[in-house]
Structures are given as structure tokens and as C-alpha cells.
């Protein structure tokens with residue numbers, strides 16, 4: 147388990163170099179007292195492991211930007227890909243001047259996964275009102291445009307980013323979609339229509355897509371309060387959880403109507419263990435309705451998660 151005595155840790159993203167796992171995670175001081183305050187004080191921590199269980203803490207990867215920068219309030223969840231000899235970390239940022247209400251996506255780069263430099267002084271991917279909801283506090287509590295999951299196009303045609311976003315139409319509690327952007331080179335980005343239809347969730351956080359035992363699978367998480375009334379009427383009450391949905395391909399369509407909660411670990415990511423099996427890791431949120439824990443749990447093989455597409459057999 148990754149736990150820090152003086153900081154809460156929650157969302158994470160991973161890099162596997164073949165010999166080590168590097169984990170990057172959101173962190174905030176426990177001295178804040180109220181864990182709900184952590185989001186506006188988030189910074190990006192970094193640790194390394196050979197077994198996904200025992201972790202060595204390394205220097206922090208990203209602090210907030212300089213005063214007046216687009217990311218001077220907080221740095222939030224991202225993902226890392228490698229291009230040539232450069233590691234590219236796409237991350238979410240928010241700004242003090244906007245009270246952290248608007249989210250954008252920027253880039254930091256590294257040659258060793260330890261020392262990171264921001265690319266330029268502007269975000270690279272911002273929301274597009276043609277398809278996505280922009281800030282409207284009568285509809286939602288922020289402008290959702292975060293948690294980029296970046297991966298290479300399966301056919302070699304550039305790069306894709308899956309993004310936590312909301313459609314610009316429909317009932318407020320049903321607008322959650324998988325946002326989409328495409329790039330030929332990881333620097334110039336074109337925002338495209340969402341890869342899912344609204345209706346099931348208010349938002350789909352921390353997306354990840356992988357092929358598990360031949361089955362494309364979309365992972366995301368959502369709180370019990372962000373599940374749409376339409377879905378609750380159909381399937382009943384569901385917990386705050388990491389969900390998994392079968393997909394036709396890495397780029398969808400994603401079958402969100404048949405998404406199932408697979409773990410109460412929140413913001414779950416799947417990663418390959420050294421024995422070749424996929425495992426899920428996420429942070430310990432509020433087990434049993436208790437207080438926020440703020441630690442990242444040990445890996446759980448997906449074949450132990452009931453209903454995981456391509457993984458477990460329902461029990």
C-alpha cells in the first residue's frame with residue numbers, strides 16, 4: 147500500500163519501464179483537516195516500486211504553476227506516454243483567477259521520469275463548446291475537462307486523449323461523456339466529438355482503456371451522487387466505485403448502459419503485473435461510509451473482480 151503519514155494520496159497514473167513501476171499521484175497535506183479541501187491543494191507526487199506493493203518515495207513531479215499561470219491553483223490527474231527518448235505527462239490544471247472552476251490540460255516532459263519541465267506557458271487542450279458543456283453553475287459545479295488518458299492510435303495515426311467531460315445537452319445529471327481529442331504529434335491537438343452518448347452518469351472520471359484478454363475495456367469512476375436518475379431507476383443504487391464497461395474497440399463505442407461497478411477502490415487503474423496478469427489499483431476512499439482514508443491500495447488481479455469484462459467470471 148502507498149500511504150503517507152502527512153499527506154492524503156488519491157488518483158494516480160503509472161509508467162512501467164520493464165524493471166520498475168513509477169507511480170504519479172495526487173497528494174495534499176493532511177494538516178488541511180478537511181479532506182474535501184484536498185482538491186484545491188493538489189500537487190503531483192512520485193514513487194517507484196518493483197512489485198506494486200513496496201514503494202520508495204521520490205521527489206515530487208509537479209507543483210502548482212507560477213502565480214498567474216493557467217495551472218497556478220492545482221495540478222490534477224493525467225497520464226504519461228513515451229515518444230522517442232522523451233516522457234510526456236499530460237495533466238490537468240486549474241487557475242486561482244477562476245477559483246479553480248475551469249479545467250484545462252497541459253504537458254510536462256522528462257528524460258528520466260524524475261525531473262520534469264512544463265512545455266510552454268499555455269494549456270494544450272481546452273474544452274470546445276460545440277460539443278461540451280462549458281462553465282454553467284446552474285448545471286454543474288465546474289467545467290469538467292480533466293483526467294487525460296493519452297495513447298497511440300492503434301493504426302499508427304497519431305495519438306488520442308480520453309477526457310472527463312460533459313455534453314452540452316440533456317438533463318444535468320446525465321451529461322457525463324468520454325471526451326475526445328486527437329493529435330498528430332502530441333503538441334497540436336484537435337478536440338473532437340465525445341466517444342460516448344450521455345445518459346448514464348453526471349461525469350465519468352479517470353478514464354482508461356485497455357484490451358484485457360482480447361476484450362477492449364473502458365475503466366472510469368463515479369460517485370454514487372453522480373449516477374443519473376435514469377440509471378438508478380433502471381439498475382438501482384450503486385456505490386461510489388470504479389466501473390468497467392465493454393467496448394467494441396479502444397475508441398468505442400463504449401457500452402455504458404452495461405457498465406458495472408467492479409471495485410470500491412476509487413479512480414482505479416489497471417496495470418500488468420510481472421506474471422502477465424492485469425491488476426487494478428485505486429485509492430481507498432470512504433470504506434463503509436467511514437472517514438476518507440487517502441491511501442492507494444495494493445493491486446487486485448482483475449480475475450478476482452466479479453463482472454470485469456475480459457477478466458473475472460461473475461460470482
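Numbering (the numbering used here), first residue to last: 147 to 461.
Heads up, the beta-carbon is just placed ideally off N, CA and C, and yes, glycines get one too.
Only a predicted model underlies this, so the values are computations on that prediction, with no experimental measurement involved.
Closest to residue i by CA distance: which of the options is it?
{"i": "residue 185", "options": "288, 147, 386", "result": "288"}
{"i": "residue 463", "options": "147, 165, 160, 161", "result": "The structure shown does not extend to residue 463, since the chain spans only 147 to 461, so no value can be given for it."}
{"i": "residue 347", "options": "334, 333, 286", "result": "286"}
{"i": "residue 408", "options": "440, 366, 441", "result": "366"}
{"i": "residue 232", "options": "308, 395, 331, 376", "result": "331"}
{"i": "residue 160", "options": "153, 377, 341, 352", "result": "352"}
{"i": "residue 293", "options": "387, 452, 158", "result": "158"}
{"i": "residue 193", "options": "177, 298, 171", "result": "171"}
{"i": "residue 454", "options": "343, 214, 388", "result": "388"}
{"i": "residue 254", "options": "368, 275, 225, 281", "result": "225"}
{"i": "residue 315", "options": "340, 452, 435, 449", "result": "340"}
{"i": "residue 449", "options": "431, 368, 422", "result": "422"}
In or out: residue i buried (at least 16 other Cβ within 10 Å) or exposed?
{"i": "residue 279", "result": "buried"}
{"i": "residue 462", "result": "The shown model of the chain, from 147 to 461, leaves out residue 462, and the question about it has no answer."}
{"i": "residue 219", "result": "buried"}
{"i": "residue 203", "result": "exposed"}
{"i": "residue 427", "result": "buried"}
{"i": "residue 442", "result": "buried"}
{"i": "residue 196", "result": "exposed"}
{"i": "residue 333", "result": "exposed"}
Alpha carbon to alpha carbon, how far is residue j from residue i? Give it in angstroms, no decimals.
{"i": "residue 361", "j": "residue 306", "result": "19 Å"}
{"i": "residue 374", "j": "residue 258", "result": "43 Å"}
{"i": "residue 384", "j": "residue 182", "result": "22 Å"}
{"i": "residue 234", "j": "residue 379", "result": "42 Å"}
{"i": "residue 268", "j": "residue 312", "result": "22 Å"}
{"i": "residue 416", "j": "residue 209", "result": "26 Å"}
{"i": "residue 277", "j": "residue 211", "result": "29 Å"}
{"i": "residue 180", "j": "residue 239", "result": "22 Å"}
{"i": "residue 447", "j": "residue 424", "result": "6 Å"}
{"i": "residue 273", "j": "residue 382", "result": "32 Å"}
{"i": "residue 152", "j": "residue 189", "result": "14 Å"}
{"i": "residue 451", "j": "residue 213", "result": "44 Å"}
{"i": "residue 236", "j": "residue 433", "result": "30 Å"}
3 or more residues per run - each beta strand (DSSP E) lying fully within the region 344-392: 351-358, 361-368, 387-392, all fully within the region 344-392.
Give a yes or no on contact between the region 307-323 and the region 339-359, applying the rule of three or more CB pairs nearer than 8 Å. For the pair of segments examined, the region 307-323 was found to touch the region 339-359: the number of CB pairs separated by less than 8 Å reaches three.
Meets three-Cβ-pair contact criterion under 8 Å: the region 214-228 and the region 239-258: Segment contact: the region 214-228 against the region 239-258, three or more CB-CB distances shorter than 8 Å; contact assigned.
Whole beta strand (DSSP E) elements within the region 214-262, 3-residue minimum: Complete beta strand (DSSP E) runs here, min 3: 220-229, 232-240, 250-256.
Complete runs of the beta strand (DSSP E) confined to the region 284-310 [at least 3 residues]: For the region 284-310, the continuous beta strand (DSSP E) assignments of 3+ residues that do not extend past its boundaries occur at 291-298, in sequence order.
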